Amino acid sequence: MAVADDIALGGLEMGGNIVMSSNKITGLAAGTAAGDALSFGQSGASLAGLALTNDIDMNSNKITVLGTPTADTDAATKGYVDGVAEGLDVHESVRCATTAAGTLASSFENGDNVDGVSLVTGNRILIKNQVSAVENGIYIVQANGAPVRADDWAATYEAAGAFVFVEEGTANSDSGWVCTSDGSADTTGTHALNFSQFSGAGQITAGTGLTKSGNTINAIAGNGINVNADDIEVKPDTSSTTTTEANAIVVGANGVSVKVDNSSLEGSGQGAAGGEALRIKAEGIVGGMLAGDITYTTTGDITANSFSGDGSGLTNLPSAASTDAVSVAAVKSTAGSISKGQVVHLVGYNGTEYTVELADADSASLMPAIGIVTAAMTEASAGTVVVSGRAGGLNTSTYSAGDSLYISATAGTLTTTKPTGATTAIQRIGEVASVNASTGEILVLGAGRSNDVPNIAQDNMWIGNSSGVSTPTPV
């Protein structure tokens, strides 16, 4: 039956074919269920399969969301092709990757945390840090218990060159990892699988003073900074730089120089190659200009015309012999030792050094004293005796500057009290020059010193005898 006009049917169930003779079925709704006819131009449909007998012209559009190819005729993603070109076996990305070893049976369940990511059942994860590296690989998270290996990383998979991209994570986000195990020892579940980071461009961010645009990182120009094609130039803003001595910055034709504040320092005109050198001005440096202690270490000499002060605050000064002292090398004439600061009497000369013993005002055989010891000695090791001038490096803390010092009735010691007693000798050997527990100085009066008249018994007077020697004579 041929019908020329339209027929409105409430329903039609066909037991055979409809031959359209090059005509169309129009007005179709978009197919949404199995068995529905597809409407021309509908935006999409889920097909269980599609076998084509001719080419597909994509009209410059893309086929997206492709799986990893497994057969020779499968379509491949750009990432897969790039990986093959680089010698990599590219896998579908994982959500996160481990940063430390875990227990396979319990550390990677739904809700567990890996690299700051809370795991969800079905997540793909890269486990790469296990103590037993045989366990490493790509896994699928389970609700409970151990994760299972992904289909593309199943047991017996040969993983050498396998590459995977990590999407999230505190440490591993936007990084790519490759299995570096050798091809002869890369079987999943049998060999230890090792991983190394292959890429991380997505992890690079612009730090302070930088910007990032695509693959380019640039320095940010601003006040005082010029970014040129091949360098970065620091250039102060001269509009806000005051070139006075007070602010210590001067902008010149050749750049920036530092200028001292002119209160204590000045240019000496004696620098290298005729340039300016700094020196302390005649006004000097006062205590208020010093922020703290000054430590000066030198292996040479320090020369100064004078030093003002008693030196009581100075420490760790060397005890080198002074140039304004006369000293001799000496040894103790008998066994024992003589310490620095003690006074000695000359016993003799051994052909190399003078021999001495401690001076004693109560013993005529141990008087007079010749000087003060500034370097200790024994009978076998020579020391130093200052016989005239400044004896330094001594403990003079019990004296006052200017005190006269006498030989004491206690062997080797000094006293500020003139000795008494008819048999006690009197010898004023020096005066205190400076007071300090370790760097004090005594001025030894030398060979021309003037001593007091010797003590004499009561009711006696000194009368010269026939030899011209003063002799105590009763009155």
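Numbered according to the working numbering, the sequence shown terminates at residue 891, and the numbering increases by one at each position without gaps.
For each residue, glycine too, the CB sits at the ideal point set by N, CA and C.
Predicted model, so just to flag it, every value in this text is computed and none were measured.
Local Cβ density within 10 Å of residue i, reported as buried at 16 or more and exposed below that
i, result
"MET793", "buried"
"LYS748", "buried"
"VAL760", "buried"
"SER866", "Because SER866 sits at a pLDDT of 47, beneath the cut-off of 50, its placement in the model cannot be relied upon, and the point is left open."
"ASP598", "exposed"
"GLY846", "buried"
"ASP647", "exposed"
"ALA521", "exposed"
"ASN439", "exposed"
"GLU551", "buried"
"GLU429", "exposed"
"ASN529", "exposed"
"ASN644", "exposed"
"GLY809", "buried"
"SER824", "buried"
According to DSSP, residues forming a beta bridge with residue i
i, result
"MET877", "THR889"
"ILE633", "LYS628"
"PHE611", "CYS595"
"VAL580", "TRP593"
"SER824", "Answer is none; SER824 lacks a bridge partner."
"GLU525", "GLN558"
"THR771", "VAL747 and GLY764"
"THR831", "TYR822"
"VAL848", "ILE858"
"ARG565", "TYR555"
"ILE543", "GLY553"
"GLU574", "THR603"
Rounded straight-line distance, which links the Cα of residue j to that of residue i
i, j, result
"ILE879", "ALA873", "13 Å"
"SER735", "TYR770", "Note that SER735 scores 48 on pLDDT, short of 50, meaning its location in the model is unreliable; the coordinates nonetheless yield the value given after this. Taking the straight line joining both Cα atoms gives about 22 Å."
"GLN758", "SER779", "16 Å"
"ALA576", "VAL536", "28 Å"
"PHE614", "PHE581", "9 Å"
"LEU774", "ILE786", "10 Å"
"ALA798", "ALA827", "20 Å"
"ALA737", "VAL801", "Unreliable positioning characterises ALA737 in this predicted model, as indicated by a pLDDT of 44, which lies under 50. The coordinate reading is nonetheless provided below. Spanning the two alpha carbons is a distance of roughly 10 Å."
"THR486", "PHE456", "33 Å"
"ASN876", "ARG844", "23 Å"
"THR812", "LYS756", "12 Å"
"ASP819", "THR832", "7 Å"
"VAL531", "ALA517", "Note that residue 531 is Asp in the sequence shown, not Val. Their backbone Cα atoms lie some 11 Å apart in a straight line."
"MET783", "VAL891", "28 Å"
"LEU454", "THR515", "50 Å"
"THR814", "ASN881", "43 Å"
"LYS478", "ILE556", "29 Å"
"CYS512", "VAL497", "23 Å"
"THR469", "MET436", "21 Å"
"GLY553", "ALA492", "22 Å"
"GLY805", "TYR822", "16 Å"
Residue i in three-state terms, based on DSSP
i, result
"ALA780", "helix"
"VAL594", "strand"
"ALA549", "helix"
"LYS494", "helix"
"ASP505", "strand"
"GLY809", "strand"
"ASN475", "coil"
"VAL650", "strand"
"ILE441", "coil"
"SER816", "coil"
heavy atom of the ligand ADP below 7 Å from residue i C-beta
i, result
"ASN588", "Ligands displayed in this structure: none; no statement on the ligand ADP is therefore possible."
Proximity test, Cβ basis, 8 Å: residue i and chain B
i, result
"THR831", "In the displayed structure, chain B is absent; only one protein chain is listed."
query: Just checking, does the stretch 463–481 make contact with the stretch 532–548 on the three C-beta pairs under 8 Å criterion?
result: no
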